[in-house]
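Participant: Going by UniProt numbering, the sequence shown wraps up at 525, each residue one higher than the last. Ideal placement from N, C-alpha and C gives every residue a C-beta, glycine not left out. I'd like to ask some things about the structure below.
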Amino acid sequence: MHGMHAQTMFQRALDLLEVNRVDDAIPLLEELHQMEPRDARVNFALAMAARDAGDDFRRLELLKKAAQVAKKKALVFEELARAHARVEEEEEAIAAARKAVTLEPKNPDMHAVLGEIYRTMGREKMARQSYERALDLAPDHIFALTEYGELQLSLGETEEAERYFRKATASDNGDSSDAYIPLSELRSRTRDPQDLARLEDEIAKTGNRTQKQTGRLHFAAGAMWDDADDPARAFEHYDRGHAMIYPDYEVDTYKTRIDAMKALFTSSFFEERKELGSDSARPVFIFGMPRSGTTLTEQIINRHQKAAGLGELRYFNQQSQALRFGIGKFRIFEDNVLALGDRDFRRTARKYLALLDKLAPGAERVADKMPHNFEVLWLMALAFPKATFIHCTREPVDCCISIYTKALSSGHRYNRSQTTLGRYYRLYRELMEHWKAVLPVTIHEQSYEAMIADQEGQSRALIARTGLEWDPACLEFYKGERQVRTFSKEQVRKPIYTSSVARWKRYEPHIGPLLDALGDLAPTR
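Below is the structure:
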């Protein structure tokens, strides 16, 4: 990078990224990229900004460019592996992670990242080997301990998971904020009175911790105070955590996008494009807001002997990103959509079915649970008009509280505050009402509260909607052996529980902004 001006711009962009001001950092980095398109540091930093902005393909493209120049920088290949994994390019992700290990074989970070890649792909044995190699090199390696704990938790081994998380939080070898969050979820079984005191001490410490890392500690403290039956203290921490983890979010910009989608995707749009996709009935699409029961619904289907649940497939999200949905001006996305022809929809369907054949060979029905696919229903309905579409719903305030009290990834920018969350939820409901009016498919509503109240009756109805005969194993959804990769991974290992119904009432004094933002979707106060 040449010149003091460029160096100053670059440092300013890095400082902005550090405090989650992604939208302010990107123009500076784009200008630098125009000046020096091959600079590995610029490409890498811009890729990190693209990651935070949710632009997976731009992130991958930039990291590929960085790797072409920085051929011996393991950190670049580490992030390249994660970028490939994000778009479900498994072999490319593994190759990049192995390259990072080859470049720095004595660095436990690289082995732990390789384990992370294997874990996200469900390759349990290979993940274990990588974590164990990392811990051989550094027994107190926080990231490896935390990742190993996440693997154990996803497999239902909660005691082992807690053991690894506690090792991570006890380590002085770096930041342990990522380990405190799952530990705060698990500690309700043990309630060690020292946990909260240790965590408050950790928050009070100064050092090299980033703003996001401190935010995650606040989330963990919120969960622990909640468990200690002190919702006031809990929400003090939750509110602080949100401000630190999530970038600013312009709800009005999202509203403009929703309005444009409603104008583009009309009844006539679908009438002009009917019978373009596949006649396969294999896919079972499960969608809705996060924390609305999507994981529970998928697990019930997954227990059927003729079905398979694949967790969160990003396929349709990626197809939409390739059309530039949510990235740049809506007009570009609209032009790309209108240019799609018969072959495009059939190719989309064909590639998706090939993915199902690879991941669930022989299954008559395959559940694809991706909550935010509610934004991409136009494409899914055209590609698979005979698929099963299941919209998971939950009482709005309970759903929003469950979202707000979980440290979802920073990509959930609408979770910035109670107000942005409530307004976003209203727009989601508005979009769903539009889809139900114009899509050429039946959208089945699956109420979380109804499932809790009548598990067998609702489960039978759910299975019937997929076209399968009833299988009693579906009542024991929590006995599935498949690795669970979702924030609900501990809960879906348990039978139906009722404590999450009407949960919001205990928080009512602390959620005024959320209730105001939800408007008539919230109960009368």
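Alpha carbon to alpha carbon, how far is VAL22 from LEU431? Give it in angstroms, no decimals.
Facilitator: In the sequence shown, counting from the first residue as 1, residue 431 sits at position 431. In the sequence shown, counting from the first residue as 1, residue 22 sits at position 22. If you take the alpha carbons of LEU431 and VAL22, they lie about 27 Å apart.
Participant: Contact between the segment 176-187 and the segment 148-155 is defined here as three or more beta-carbon pairs at a separation below 8 Å; is this criterion met?
Facilitator: The segment 176-187, when compared against the segment 148-155, does touch it at the 8 Å Cβ threshold.
Participant: Look up ILE390 in the DSSP assignment and say whether it is helix, strand or coil.
Facilitator: Reading the sequence shown from its first residue, position 390 is the one you call residue 390. Strand, per DSSP.
Participant: So the candidates are SER176, VAL501, TYR164, GLY207; which of them puts its Cα closest to the Cα of LEU186?
Facilitator: Indexing the sequence shown from 1 puts residue 186 at position 186. The shortest C-alpha separation from LEU186 is found at TYR164.
Participant: Counting only runs of 3+ residues fully inside the segment 322-395, write out the beta strand (DSSP E) ranges in chain order.
Facilitator: Qualifying beta strand (DSSP E) stretches, in chain order: 365-369, 388-393.
Participant: Check this for me: beta carbons of MET261 and PHE316, under 8 Å apart or not?
Facilitator: Locating residue 261 in the sequence shown gives position 261, where the first residue counts as 1. Locating residue 316 in the sequence shown gives position 316, where the first residue counts as 1. Result no, Cβ atoms of MET261 and PHE316 do not sit closer than 8 Å.
Participant: Taking ILE300 as the reference, give the member of CYS400, GLN455, LYS64, ALA50 with the closest Cα.
Facilitator: Residue numbering aside, residue 300 sits at position 300 when the sequence shown is read from its first letter. Nearest option by C-alpha distance: GLN455.
Participant: So the beta strand (DSSP E) GLU445 belongs to, where does it begin and stop?
Facilitator: Taking the sequence shown and counting its residues from 1, one reaches residue 445 at position 445. It spans 443-447 - the beta strand (DSSP E) in which GLU445 sits, taken as one unbroken run.
Participant: Residue range of the beta strand (DSSP E) that ILE286 falls in?
Facilitator: Along the sequence shown, one-based indexing puts residue 286 at 286. Segment 283-287, the beta strand (DSSP E) holding ILE286.
Participant: In terms of DSSP beta bridges, what is ALA308 paired with?
Facilitator: If you number the sequence shown from 1, residue 308 lands on position 308. The partner list for ALA308 (beta bridge, DSSP) reads VAL366.
Participant: Mark ASP175 as exposed unless 16 or more other C-beta atoms lie within 10 angstroms of its C-beta, in which case mark it buried.
Facilitator: If you number the sequence shown from 1, residue 175 lands on position 175. Label assigned to ASP175: buried.
Participant: Within the segment 204-246, note down every full alpha helix (DSSP H) run reaching 4 residues or more, in order along the chain.
Facilitator: Complete alpha helix (DSSP H) runs here, min 4: 211-227, 231-245.
Participant: Run the CB neighbour count on LEU338, radius 10 Å, all protein chains shown included, and call it buried at 16 or more, exposed below.
Facilitator: The count along the sequence shown starts at 1 and reaches residue 338 at position 338. Classification for LEU338: exposed.
Participant: Can you tell me whether DSSP reads MET121 as helix, strand or coil?
Facilitator: Here residue 121 is taken as the residue at index 121 of the sequence shown, counted from 1. Coil.
Participant: On the three-state DSSP scale, how would you describe ARG493?
Facilitator: Position 493 of the sequence shown, counted from the first residue, corresponds to residue 493. Caution applies to ARG493, whose pLDDT of 49 falls short of 50 and renders its modelled position unreliable; the value that the coordinates give is listed next. Of the three classes helix, strand and coil, the one that applies to ARG493 here is helix, per DSSP.
Participant: How many whole angstroms separate the CB atoms of PHE345 and ALA383, which I take to be in contact at a CB cut-off of 8 Å?
Facilitator: One-based indexing of the sequence shown puts residue 345 at position 345. One-based indexing of the sequence shown puts residue 383 at position 383. Between ALA383 and PHE345 the Cβ distance is about 6 Å, and since that is below 8 Å, they are a contact.
Participant: According to DSSP, is ALA53 part of a helix, a strand, or is it coil?
Facilitator: Working through the sequence shown from its first residue, we reach residue 53 at position 53. Helix at ALA53.
Participant: Under the three-state reduction of DSSP, which class applies to residue 556: helix, strand or coil?
Facilitator: With the chain covering 1 to 525 only, the question about residue 556 has no answer from this structure.
Participant: Of the residues GLN213, ARG38, LEU340, which one's Cα is nearest the Cα of ALA322?
Facilitator: Position 322 of the sequence shown, counted from the start, is the residue given in the question as residue 322. Among GLN213, ARG38, LEU340, the Cα nearest to that of ALA322 is on LEU340.
Participant: Let's test the definition: count the other Cβ atoms within 10 Å of the Cβ of GLU79 and tell me whether it reaches 16, buried, or not, exposed.
Facilitator: For the purposes of this step, residue 79 is identified with residue 79 of the sequence shown, where counting begins at 1. With 16 or more other Cβ atoms within 10 Å, it is buried.
Participant: Can you tell me whether THR297 is buried or exposed, with buried defined as 16 or more other CB within 10 angstroms of its CB?
Facilitator: In the sequence shown, counting from the first residue as 1, residue 297 sits at position 297. That one is buried.
Participant: Residues in the same chain with beta-carbon distance under 6 Å from ALA221, minus the five sequence neighbours each way, listed in chain order, please.
Facilitator: Taking the sequence shown and counting its residues from 1, one reaches residue 221 at position 221. Closer than 6 Å at Cβ, skipping near neighbours: LEU199, HIS237.
Participant: Could you give the DSSP three-state label for MET459: helix, strand or coil?
Facilitator: Translated into positions along the sequence shown, residue 459 becomes position 459. The amino acid at residue 459 is misidentified as Met; the sequence shows Ser. Here SER459 sits in helix by DSSP.
Participant: Apart from the five residues on each side of it in sequence, which residues of its chain come closer than 6 Å, Cβ to Cβ, to PHE487?
Facilitator: The sequence position of residue 487 within the sequence shown is 487, counting from 1. Below a pLDDT of 50, predicted positions are generally treated as unreliable, and PHE487, at 48, falls in that range; the measurement from the model is reported next regardless. Here the set comprises LYS406.
Participant: Is it the case that the Cβ atoms of THR348 and VAL284 are separated by a distance below 8 Å?
Facilitator: Counting from one through the sequence shown, the residue named residue 348 turns up at place 348. Counting from one through the sequence shown, the residue named residue 284 turns up at place 284. Their beta carbons are not under 8 Å apart, which means THR348 does not touch VAL284 by this criterion.
Participant: Specify, as a first and last residue, the run of the alpha helix (DSSP H) that SER176 falls within.
Facilitator: The count along the sequence shown starts at 1 and reaches residue 176 at position 176. Unbroken run through SER176: none, as it is neither H nor E.
Participant: Identify whether LEU80 lies in helix, strand or coil by the three-state DSSP scheme.
Facilitator: Here residue 80 refers to the residue found at position 80 of the sequence shown. Three-state DSSP puts LEU80 in a helix.
Participant: Of all the options VAL251, ILE142, ASP195, LYS205, which has the alpha carbon lying nearest to the alpha carbon of ASP178?
Facilitator: Position 178 of the sequence shown, counted from the first residue, corresponds to residue 178. When only C-alpha atoms are compared, the closest one is ILE142.
Participant: Determine the direct distance from the alpha carbon of SER447 to that of GLN7, and round the result to whole angstroms.
Facilitator: Translated into positions along the sequence shown, residue 7 becomes position 7. Translated into positions along the sequence shown, residue 447 becomes position 447. Rounded to the nearest angstrom, the two C-alpha atoms are 54 Å apart.
Participant: Could you check if THR214 is buried or exposed, using at least 16 other CB atoms within 10 Å of its CB as the buried criterion?
Facilitator: What you label residue 214 is simply residue 214 of the sequence shown in a count that begins at 1. It counts as buried.
Participant: Any idea if TRP378 is buried or exposed, counting beta-carbon neighbours within 10 angstroms, 16 or more meaning buried?
Facilitator: The count along the sequence shown starts at 1 and reaches residue 378 at position 378. Buried, by the Cβ-count rule.
Participant: Where ARG460 and ALA453 are concerned, what is the direct C-alpha to C-alpha distance, given to the nearest angstrom?
Facilitator: Translated into the one-based positions of the sequence shown, residue 460 becomes position 460. Translated into the one-based positions of the sequence shown, residue 453 becomes position 453. Approximately 14 Å between the Cα atoms of the pair.
Participant: Below 8 Å, how does it come out for the segment 244-260 and the segment 413-429: are there three or more Cβ pairs, yes or no?
Facilitator: Enough Cβ pairs lie closer than 8 Å, so yes.
Participant: Taking the alpha helix (DSSP H) that ARG163 falls in, what are its first and last residues?
Facilitator: Taking the sequence shown and counting its residues from 1, the one referred to as residue 163 is at position 163. That run of the alpha helix (DSSP H) goes 158-170.
Participant: Pairing CB atoms from the segment 224-236 with CB atoms from the segment 501-515, are three or more of them under 8 Å?
Facilitator: Taking 8 Å as the limit for Cβ pairs, the verdict is that the segment 501-515 does touch the segment 224-236.
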